[in-house]
Amino acid sequence: MSAVIAVPELMAQAATDLTAIGETLNAAHMTAAGPTVALVPAAADEVSTSIAHLLSGYGQEYQKLAGEATACYEQFAQHLTASAGAYASAEAANVASLQPLTPSAASTPLGALVLQLGLNEPLFYLVGGALGLQFVGILLLAPFLLPLVPLLFGALILEALLILNIEFILFGSVS
């Protein structure tokens with residue numbers, strides 16, 4: 001199983017950086033267009049004219065490909081920006097749906113510890129999702145189970161390492 005961690009703020013910053021790089025590349029393409037698209041023959045003979053025409057054709061082809069690459073680049077930056085927004089809104093919706101759990105969590109000693117450690121963040125809910133929110137709820141309501149938590153997480157880590165080893169043995173790489 002593969003996992004993706006997306007930080008919407010970093011994705012938005014990357015899209016902004018990509019846009020700035022794209023603008024710089026576009027300016028370079030425009031600067032190169034003049035001298036490469038319309039070459040003046042070195043002499044008045046037909047060989048010089050043919051060579052200038054041939055090289056101008058390459059320059060025009062380059063400008064055409066550069067335009068297509070720029071369009072593709074801009075589209076990628078737009079998709080990255082849209083994806084960052086989608087991840088941010090999905091994360092906000094998930095956090096909002098779990099907000100009712102947080103106030104009741106503070107009423108137990110384990111819940112207070114969870115809130116103090118900042119484990120009420122999405123990573124905690126990701127682990128809670130892996131274990132089942134019912135299990136997390138049981139821990140919040142039954143603090144005497146707290147000593148068992150390290151054993152459980154140790155077992156989860158060992159299971160993950162075992163899965164990675166099996167995947168490496170079977171496929172030769174870890175995804």
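Numbering (UniProt numbering), first residue to last: 1 to 175.
By construction, the Cβ of each residue, glycine as well, lies at the ideal position given by its N, Cα and C atoms.
On a predicted model such as this, the values are computed, not experimentally measured, just so you know.
- Within a 10 Å sphere around the beta-carbon of ALA15 sit 16 or more other beta-carbons, which makes this residue buried.
- Cβ-Cβ distances below 6 Å link ASN26 to THR70 in the same chain, with the five nearest sequence neighbours on each side left out; the list follows chain order.
- Judged by DSSP secondary structure, ASP45 falls outside any alpha helix (DSSP H); it is assigned neither H nor E.
- Here VAL7 carries a coil assignment [DSSP, helix/strand/coil].
- Residue environment: ALA77 is assigned as buried (16 or more neighbouring CB atoms within 10 Å of its CB, all protein chains considered).
- Per the Cβ contact rule, the region 44 to 61 is not in contact with the region 17 to 26 (fewer than 3 Cβ pairs under 8 Å).
- Ranked by Cα distance from LEU10, the first of ALA82, ALA43, ALA44 and THR31 is ALA82.
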